[in-house]
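K.L.:
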Amino acid sequence: MKSKSEAKVERIVLKHRSGSKSQQEETFDLAQFRELTIGRHPASVVRYDENGDDLVSGNHARIVRDQPIGHEFTLTDLGSRNGTFVNNQRVTSPVKIKPGDVIQLGAGGPEFEFDCDPRPNGFVKPTRVAVDAAVSIPATRERSAAVAIKETTEAASAESKTPSAVFTSNGNSSGTRVGKATLERAITQAKTETRKWMMIGGAALAVVLLAVFFIARPKPAPAQVINNLIPSTDGLSDAAIAEQFGKAVVSLDVSWKLINSQSGRQIFHQYVPNEWVDKDNVKHRIVNDNRLWVATYIVLSDGSYEPSLTETPGSNLPIGGSGGGTGMLTSANGFIVTARHVGAGWKSRYDYPTSAYPGIIWKRKADGSWGFEANENGQPITYNIPTNWVPANTRQFGRSGLKWAVEGQNTILEASLPGKKFSFKAKEVSVSESHDVALLKIDSPEELPFVELNDNYDTIKAGDRVTVLGYPAASPISYGEIKSQDAFNRESQYRVIADPSLTPGVVGRVLRAKTEDGKNATNSFGDAYQITASPGAGNSGGPVFDKDGKVIGVYFAGSRRNDTMISFVVPVRYAKDLWK
Numbered sequence: 045m046k047s048k049s050e051a052k053v054e055r056i057v058l059k060h061r062s063g064s065k066s067q068q069e070e071t072f073d074l075a076q077f078r079e080l081t082i083g084r085h086p087a088s089v090v091r092y093d094e095n096g097d098d099l100v101s102g103n104h105a106r107i108v109r110d111q112p113i114g115h116e117f118t119l120t121d122l123g124s125r126n127g128t129f130v131n132n133q134r135v136t137s138p139v140k141i142k143p144g145d146v147i148q149l150g151a152g153g154p155e156f157e158f159d160c161d162p163r164p165n166g167f168v169k170p171t172r173v174a175v176d177a178a179v180s181i182p183a184t185r186e187r188s189a190a191v192a193i194k195e196t197t198e199a200a201s202a203e204s205k206t207p208s209a210v211f212t213s214n215g216n217s218s219g220t221r222v223g224k225a226t227l228e229r230a231i232t233q234a235k236t237e238t239r240k241w242m243m244i245g246g247a248a249l250a251v252v253l254l255a256v257f258f259i260a261r262p263k264p265a266p267a268q269v270i271n272n273l274i275p276s277t278d279g280l281s282d283a284a285i286a287e288q289f290g291k292a293v294v295s296l297d298v299s300w301k302l303i304n305s306q307s308g309r310q311i312f313h314q315y316v317p318n319e320w321v322d323k324d325n326v327k328h329r330i331v332n333d334n335r336l337w338v339a340t341y342i343v344l345s346d347g348s349y350e351p352s353l354t355e356t357p358g359s360n361l362p363i364g365g366s367g368g369g370t371g372m373l374t375s376a377n378g379f380i381v382t383a384r385h386v387g388a389g390w391k392s393r394y395d396y397p398t399s400a401y402p403g404i405i406w407k408r409k410a411d412g413s414w415g416f417e418a419n420e421n422g423q424p425i426t427y428n429i430p431t432n433w434v435p436a437n438t439r440q441f442g443r444s445g446l447k448w449a450v451e452g453q454n455t456i457l458e459a460s461l462p463g464k465k466f467s468f469k470a471k472e473v474s475v476s477e478s479h480d481v482a483l484l485k486i487d488s489p490e491e492l493p494f495v496e497l498n499d500n501y502d503t504i505k506a507g508d509r510v511t512v513l514g515y516p517a518a519s520p521i522s523y524g525e526i527k528s529q530d531a532f533n534r535e536s537q538y539r540v541i542a543d544p545s546l547t548p549g550v551v552g553r554v555l556r557a558k559t560e561d562g563k564n565a566t567n568s569f570g571d572a573y574q575i576t577a578s579p580g581a582g583n584s585g586g587p588v589f590d591k592d593g594k595v596i597g598v599y600f601a602g603s604r605r606n607d608t609m610i611s612f613v614v615p616v617r618y619a620k621d622l623w624k
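Residue numbering for the sequence shown follows the numbering used here, starting at 45 and increasing by one per position.
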């Protein structure tokens, strides 16, 4: 049996001294809680009252154990507005805490005492610091001077009553005595001591009051801070946003295919051999390169083009896609918001392979057979056909106007959380019909970190600061080795370790689908925020945070002209519509 000093700490105990939890005691089993998040956010493990504890930030602080079975713990302030204090000392970086330490959330905010169960040997409760100890010192000194006067007076009185202090009838003393002058000198000396200690006490009190003034005085407004050449502390820093919410930003791997909703079979883009025969029965290449096959396209009744679709595999290429993107956890139970073109690629503009350029027009001939469009010499006419075709909107299957003639299926849809060597299988929940946003879901046996959404559509303006997190394709990839312990599969594997990148910026322009008088606007993007942050491809579906660390939009597109790169964001209002 282990001794108490060797016993494993099993629980964290928080003894609340003030605030809405005053006189309460909370216990957290370390087998269930890897860390304690503290704040007013609904996802906080140690949750404070949203109204009663308004000095506490939404995500205020965090306590983690340094080692899996150790008794050392670290407290980190998460960029709180009013600060975190340990034993009356404000902390600005992660600090070690021990049983008996008193933690306060904000100056004047709620306090609790940190403790462990069982408490390791050698940990003695820290000495309590008297709040006004500096003031009490002069008071103690003043009392000592008064006692000195009293003791001197009593001593003089006592001496006058003893035989050695009795005056003889002829005025001569028969022993030592204290006369009036001696008593007056003693009293004068005592008063002098009193005045000296009062002056010292007064000086100490003045120092304490001055310190209290500087600590408690109102902080300068942002304009004053700037005038003093100190950076503004309004809101959270980009680094604090990444630290607090980066764990809720997931990397998505996707692969999808298009199927006929009536037959259930996969749909392919039809290709034909890269050759044609002239009137002299001489063979020629349709496209003068080494390709063996050429893509075909059809013309619809409205004059638009689509790739010619078929359910026959052969040399035809499947309609589908694969790639990566970014998403954000919006709830502790695994709901993920991302871009529609990431989570449901078949509902966005199709990315053709290079083999699709150029192509030929495939049309029905008078005799009912199919063939290519040719010139007067019988040579096929080639076109750089591919346009903004959306696979889900094809009109080649089913009867005219049938909405669900085709449907898409995600064959791979996996979400990787930062720092993890494994991924979760995700599933499609809801896809917007009007905006580039989609809702996915993963299942986890424990609560997951998540972001908070802030619909600021009606108040956002150009110049507002934003922070973008995600997984741009241009960023170097981190890999982790997974060594197999399976006796039937000894091969080690390497997996990408999700590690989101941070890109700061500002709102450059707010694009509205409608003007203030309700008329349609002329911009081609509809409702969107134009921002200067441009992380690039791979960041689609990632969160765009405001200065307070709340998500205001979903990153979905970038645009480059010459050396200028800008990006576009779907307002978070339309993401929230996915579950209304």
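Backbone N, C-alpha and C define an ideal beta-carbon position, used for all residues, glycine too.
Can you tell me which of Phe494, Lys591, Val540 puts its alpha carbon nearest to the alpha carbon of Arg509?
P.N.:
The option with the nearest alpha carbon to Arg509 is Lys591.
K.L.:
Take Gly549 and list the residues in its own chain whose beta-carbon comes closer than 6 Å to its own, dropping the five residues that flank it on each side.
P.N.:
Around Gly549: Val510, Ile575, Thr576, Ala577.
K.L.:
Based on DSSP bridge pairs, tell me the residues matched to Ser352.
P.N.:
Looking at the DSSP assignment, Ser352 forms no beta bridge with any residue, so it has no partner.
K.L.:
Per DSSP, which one or two residues make a beta bridge with Asp93?
P.N.:
In DSSP, Asp93 forms no bridge with anything.
K.L.:
What is the rounded straight-line gap between the Cα of Gly152 and the Cα of Gly63?
P.N.:
C-alpha separation (whole angstroms): 10 Å.
K.L.:
Could you give the C-beta distance for Ser476 and Arg384, rounded to a whole number, given that I count them as a contact under 8 Å?
P.N.:
About 6 Å separates the two Cβ atoms, so the contact holds.
K.L.:
Since I believe Val298 is in contact with Gly389 (beta carbons under 8 Å), could you give me their beta-carbon distance rounded to a whole number of angstroms?
P.N.:
Right, their Cβ atoms sit about 7 Å apart.
K.L.:
Whole beta strand (DSSP E) runs in the stretch 53-90 with 3 or more residues, listed along the chain?
P.N.:
Runs of the beta strand (DSSP E) inside the stretch 53-90: 55-60, 69-73, 79-83.
K.L.:
Phe466 by DSSP, collapsed to three states: which one?
P.N.:
Reduced to three states, the DSSP call for Phe466 is coil.
K.L.:
When you compare each of Ser124, Gln133, Arg134, Arg617 to Ile596 by their alpha carbons, which one comes out closest?
P.N.:
When each option's Cα is compared against that of Ile596, the closest is Arg617.
K.L.:
Are the Cβ atoms of Lys594 and Glu491 separated by less than 9 Å?
P.N.:
The answer is no: Cβ separation not under 9 Å.
K.L.:
Measuring alpha carbon to alpha carbon, tell me which of Ile380, Arg134, Glu420 ends up nearest His471.
P.N.:
Here residue 471 turns out to be Lys, not His, going by the sequence shown. Among Ile380, Arg134, Glu420, the Cα nearest to that of Lys471 is on Ile380.
K.L.:
What did DSSP end up calling His385 once you bin it into helix, strand or coil?
P.N.:
DSSP places His385 in helix when its eight states are reduced to three.
K.L.:
Shorter than 8 Å, the distance from the beta carbon of Gly463 to the closest heavy atom of the ligand MN, or not?
P.N.:
Annotation note on the ligand MN: not contained in the displayed structure, which lists no ligands.
K.L.:
Candidates Ser295, Gly580, Arg134, Lys59: which alpha carbon is nearest Arg604's?
P.N.:
If we check each option's Cα against that of Arg604, Gly580 comes out closest.
K.L.:
Under 8 Å by Cβ, that's how I've got Ala506 and Arg439 pegged, so tell me the actual separation to the nearest angstrom.
P.N.:
Contact doesn't hold; Cβ gap of about 41 Å is too wide.
K.L.:
According to the neighbour-count rule (16 or more other Cβ atoms, all chains shown, within 10 Å of its Cβ), is Ser348 buried or exposed?
P.N.:
Label assigned to Ser348: exposed.
K.L.:
From this set, Asp93, Asp121, Ser359, which residue's C-alpha is nearest Arg19's C-alpha?
P.N.:
With the chain running from 45 to 624 in the structure shown, residue 19 is simply not present.
K.L.:
Of all the CB atoms in chain C, is at least one closer than 9 Å to the CB of Ala400?
P.N.:
Reference to chain C is not applicable here, since this structure consists of a single protein chain.
K.L.:
Rounding to the nearest angstrom, what Cα-Cα distance links Pro430 and Lys409 in this structure?
P.N.:
Approximately 23 Å, taken between the alpha carbons.
K.L.:
Let me know the secondary structure DSSP gives Phe289 once reduced to three states.
P.N.:
The answer is helix: DSSP assigns Phe289 an H, G or I state.
K.L.:
Within 10 Å of its beta-carbon, does Pro615 have 16 or more other beta-carbons around it, so buried, or fewer, so exposed?
P.N.:
Flag for Pro615 reads buried.
K.L.:
What three-state label does DSSP hand Leu461 in the structure shown?
P.N.:
Leu461: coil per DSSP, three-state reduction.
K.L.:
Provide the residue(s) that pair with Ala105 in DSSP beta bridges, ordered along the chain.
P.N.:
DSSP, once it has assigned bridges, lists Ile82, Asp121 as partnering Ala105.
K.L.:
Taking only the alpha-carbon atoms, compute the straight-line gap between Val588 and Thr455 and give it to the nearest angstrom.
P.N.:
If I take the Cα positions, the gap works out to 28 Å.
K.L.:
Is the separation between the beta-carbon of Ile363 and that of Gln288 shorter than 9 Å?
P.N.:
Cβ atoms of Ile363 and Gln288: not closer than 9 Å.
K.L.:
On the criterion of 16 or more Cβ atoms from any shown chain inside 10 Å, does Thr71 qualify as buried, or is it exposed?
P.N.:
Counting Cβ neighbours within 10 Å, Thr71 comes out exposed, since fewer than 16 surround it.
K.L.:
Suppose you measure from the CA of Gly625 to the CA of Val316; what does that come to, to the nearest Å?
P.N.:
Any property of residue 625 remains undetermined from this structure, which presents the chain solely from 45 to 624.
K.L.:
Run through the DSSP bridge pairs and tell me what His328 is partnered with.
P.N.:
Partner(s): Trp320.
K.L.:
Considering Tyr573, what are the terminal residues of the beta strand (DSSP E) in which it resides?
P.N.:
Segment 572-575, the beta strand (DSSP E) holding Tyr573.
K.L.:
Between the alpha carbons of Tyr341 and Pro516, how many angstroms are there, rounded?
P.N.:
Rounded to the nearest angstrom, the two C-alpha atoms are 33 Å apart.
K.L.:
For Val625, report the span of its beta strand (DSSP E) as first-last.
P.N.:
Outside the shown range of the chain, which is 45 to 624, sits residue 625, and nothing can be said about it.
K.L.:
Any idea if Thr356 is buried or exposed, counting beta-carbon neighbours within 10 angstroms, 16 or more meaning buried?
P.N.:
Label assigned to Thr356: exposed.
K.L.:
If you count every other CB in all the chains shown that lies within 10 Å of the CB of Arg84, and 16 or more means buried, which is it?
P.N.:
Counting Cβ neighbours within 10 Å, Arg84 comes out buried, since at least 16 surround it.
K.L.:
Determine the contact status of Lys469 and Ile486, defining contact as a CB-CB distance below 9 Å.
P.N.:
A contact, by the Cβ cut-off of 9 Å.
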